[in-house]
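Going by this note's numbering, the sequence shown runs without a break in its numbering and finishes at 284.
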Amino acid sequence: MVYRLPTNHSLVPSPVDQSQVLLSPPVTPWRGSLIVSGTRPSDRAGSQDVRVAALEIDGDSRVRDWPPQFFARVLHEKRVLHEVITHIDQHHPPMCTFVADRHIRDSRLNSANEIMFRNLSRVLYENETVVIVPWGTPALRGAGMIIYPAQNSSSLLVGALFFDRPFPAFLGSSSPLIPFGLAIPAAPPMHPQPHYAQGMVPASSYDAHGQSVSPRRSHPDSPAEAILSHGGPRQDQYQHYMMTYGQGNADSSPASVSSVHWTSEMNFTGGNGSSTQPNLGQYS
1 MVYRLPTNHS
11 LVPSPVDQSQ
21 VLLSPPVTPW
31 RGSLIVSGTR
41 PSDRAGSQDV
51 RVAALEIDGD
61 SRVRDWPPQF
71 FARVLHEKRV
81 LHEVITHIDQ
91 HHPPMCTFVA
101 DRHIRDSRLN
111 SANEIMFRNL
121 SRVLYENETV
131 VIVPWGTPAL
141 RGAGMIIYPA
151 QNSSSLLVGA
161 LFFDRPFPAF
171 LGSSSPLIPF
181 GLAIPAAPPM
191 HPQPHYAQGM
201 VPASSYDAHG
211 QSVSPRRSHP
221 DSPAEAILSH
231 GGPRQDQYQH
241 YMMTYGQGNA
251 DSSPASVSSV
261 HWTSEMNFTG
271 GNGSSTQPNL
281 GQYS
């Protein structure tokens, strides 16, 4: 029997295959702001600007049409987490995984953003509820997104994408508390704003639920899948904490908008007592 060794020509894809590769640009992760109202039950009209990135997109996400920011609302009045998961398992909408954006240049602002992201995940998990996110752009039709917490980690949120279809009827009214297009300062703010305080919901020990809330067809080698597939209690590195932002020495002139300084205090309460750490952040 004679075996033919492959030649260099047989290893090179045909011109047709090469053209198909060139015509299929890679899908880059979406990064933007998730402006969420209702993270605190005592102040449901208040909002937080959480910088996030969408990864592990499963299905037709139309991510190129997503706006740079979404306005969202926590459904405190409804404990619908398990109903949402059941609906997703039955109807199989496109899915994605959200993580805190790690591309914030200032490390301390990056840490503050991570805390806000984990706090949102904690609020949803403890209250067994979800976040509803209208698309807010004429480029996308349908109700929007439903974002809910991952079972095994507070560092991940899962999004179900509703294109050309409404939200499930059991969610009730889906209009956000914040109208689309309203300018809301980020937290930490990028422009001078009056002093304000934001309280974070204390953490508690988590018991794992029996049903997974991870995306259905995540790649087995992805970092997100490694976290989601980890068994046992929900992972969370933060305990009780309170964050307070205060205005530092900032020049309010237009020329100084690109370089605004902010001071903040991060008060941590754990098993070893309380500690207060000063924090100076800068956007440039």
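Quick reminder that beta carbons are idealized off the backbone N, C-alpha and C, glycines included.
### Query
Helix, strand or coil for Ser-155 per DSSP?
As a first step, residue 155 is located in the sequence shown; it is residue number 155 there, counting from the start. In this structure, Ser-155 counts as coil in the three-state DSSP scheme.
### Query
Does the distance from the C-beta atom of Val-133 to that of Leu-124 stay below 8 Å?
Counting from 1 along the sequence shown, the entry for residue 133 is found at position 133. Counting from 1 along the sequence shown, the entry for residue 124 is found at position 124. Not in contact: Val-133 and Leu-124 (Cβ atoms no closer than 8 Å).
### Query
Thr-28: buried (16+ other C-beta within 10 angstroms of its C-beta) or exposed?
Position 28 of the sequence shown, counting from 1, holds the residue named residue 28. Result: exposed.
#### Entry: CA nearest to the CA of Ile-57, picked from Leu-75, Phe-71, Arg-31
Numbered from 1 along the sequence shown, position 57 holds the residue referred to as residue 57. Nearest C-alpha to Ile-57 among Leu-75, Phe-71, Arg-31: Arg-31.
### Task
Look up Asp-65 in the DSSP assignment and say whether it is helix, strand or coil.
Here residue 65 refers to the residue found at position 65 of the sequence shown. Of the three classes helix, strand and coil, the one that applies to Asp-65 here is helix, per DSSP.
### Query
Does the segment 68-85 come within contact of the segment 163-172, defined as at least 3 CB pairs closer than 8 Å?
Yes, they touch.
### Task
Less than 8 Å between the CB atoms is what I'm expecting for Ala-160 and Pro-93, so what's the real figure, rounded?
As a working note, residue 160 is residue 160 in the sequence shown. As a working note, residue 93 is residue 93 in the sequence shown. The pair is a contact, with the Cβ atoms about 5 Å apart (cut-off 8 Å).
### Task
Mind the definition here: the segment 42-60 touches the segment 133-142 only if three or more C-beta pairs lie below 8 Å; say whether that holds.
Contact annotation: the segment 42-60 does not touch the segment 133-142, with fewer than three C-beta pairs closer than 8 Å.
### Task
Going by CA-CA distance only, name the one from Arg-51, Asp-43, Arg-40 that's closest to Arg-105.
In the sequence shown, the residue the question calls residue 105 occupies position 105. Minimum Cα distance to Arg-105 is reached at Arg-51.
### Query
When you compare only the Cα positions, how much space is there between Asn-110 and Gln-48?
Counted from its first residue, the sequence shown places residue 110 at position 110. Counted from its first residue, the sequence shown places residue 48 at position 48. Going from the Cα of Asn-110 to the Cα of Gln-48 covers about 14 Å.
### Task
Return yes when the Cβ of Leu-157 is within less than 8 Å of the Cβ of Phe-98, no when it is not.
Looking up residue 98 in the sequence shown gives position 98. Looking up residue 157 in the sequence shown gives position 157. At the C-beta level, Phe-98 and Leu-157 come within 8 Å of one another.
### Query
Nearest to Arg-165 by alpha carbon, out of Gly-142, His-82, Asp-65, Ile-147?
Residue numbering aside, residue 165 sits at position 165 when the sequence shown is read from its first letter. Proximity to Arg-165 across Gly-142, His-82, Asp-65, Ile-147 peaks at Gly-142, based on C-alpha coordinates.
### Query
In its own chain, which residues sit with a C-beta less than 8 Å from the C-beta of Leu-140, not counting the 5 before and 5 after it?
As a working note, residue 140 is residue 140 in the sequence shown. Cβ neighbours of Leu-140 beyond the five flanking positions: Arg-62, Asp-65, Trp-66, Phe-163.
### Query
Can Thr-39 and Asn-113 be called in contact, C-beta distance under 8 Å?
Position 39 of the sequence shown, counted from the start, is the residue given in the question as residue 39. Position 113 of the sequence shown, counted from the start, is the residue given in the question as residue 113. No, the Cβ-Cβ distance between Thr-39 and Asn-113 is not below 8 Å.
### Beta-bridge pairing of Asp-49 - partner residues as DSSP gives them
Walking along the sequence shown from the start, residue 49 turns up at place 49. Under the DSSP definition of a beta bridge, Asp-49 partners with Ile-35.
#### Entry: Of the residues Ile-35, Leu-55, Leu-34, His-82, the one placed nearest Glu-126, counting alpha carbons only
What you label residue 126 is simply residue 126 of the sequence shown in a count that begins at 1. Selected option, being the one with the closest Cα: His-82.
### Query
Got a sec, what are the start and stop residues for the beta strand (DSSP E) Ile-147 sits in?
Reading the sequence shown from its first residue, position 147 is the one you call residue 147. Taken as a continuous stretch (DSSP letters only), the beta strand (DSSP E) holding Ile-147 covers 144-149.
### Query
What separation, rounded to the nearest whole angstrom, lies between the Cα atoms of Asn-152 and Arg-122?
Sequence index remark: in the sequence shown, residue 152 carries index 152 (1-based). Sequence index remark: in the sequence shown, residue 122 carries index 122 (1-based). So the alpha carbons of these two residues sit roughly 11 Å apart.
### Task
Assign Ser-155 to one of two classes, buried (16 or more other C-beta atoms within 10 Å of its C-beta) or exposed (fewer than that).
By 1-based counting over the sequence shown, the position of residue 155 is 155. The residue is buried, with at least 16 neighbouring Cβ atoms inside 10 Å.
### Task
Indicate the three-state DSSP secondary structure (helix, strand or coil) for Arg-122 in the structure shown.
Within the sequence shown, residue 122 is the residue found at index 122, counting from 1. Arg-122: helix per DSSP, three-state reduction.
### Simplified DSSP assignment, three categories, for Thr-137
As a working note, residue 137 is residue 137 in the sequence shown. Three-state result, Thr-137: coil.
### Query
Using DSSP with H/G/I as helix, E/B as strand and the rest coil, what is Ile-57?
As a working note, residue 57 is residue 57 in the sequence shown. Three-state result, Ile-57: strand.
### Query
Is Phe-71 helix, strand or coil when you go by DSSP?
One-based indexing of the sequence shown puts residue 71 at position 71. Three-state result, Phe-71: strand.
### Message
Using the three-state DSSP reduction, which class does Val-84 fall into: helix, strand or coil?
### Response
Counting from one through the sequence shown, the residue named residue 84 turns up at place 84. When secondary structure is reduced to three states using DSSP, Val-84 falls in the helix class.
### Message
With distance defined between alpha-carbon atoms, name the residue in Ala-54, Gly-46, Ser-37, Ala-45 nearest to Arg-102.
### Response
Numbered from its first residue, the sequence shown carries residue 102 at position 102. Taking only the C-alpha atoms, the option nearest Arg-102 is Ala-54.
### Query
With DSSP run on the structure shown, which of helix, strand or coil describes Phe-117?
As a first step, residue 117 must be located in the sequence shown, where it is residue number 117. When secondary structure is reduced to three states using DSSP, Phe-117 falls in the helix class.
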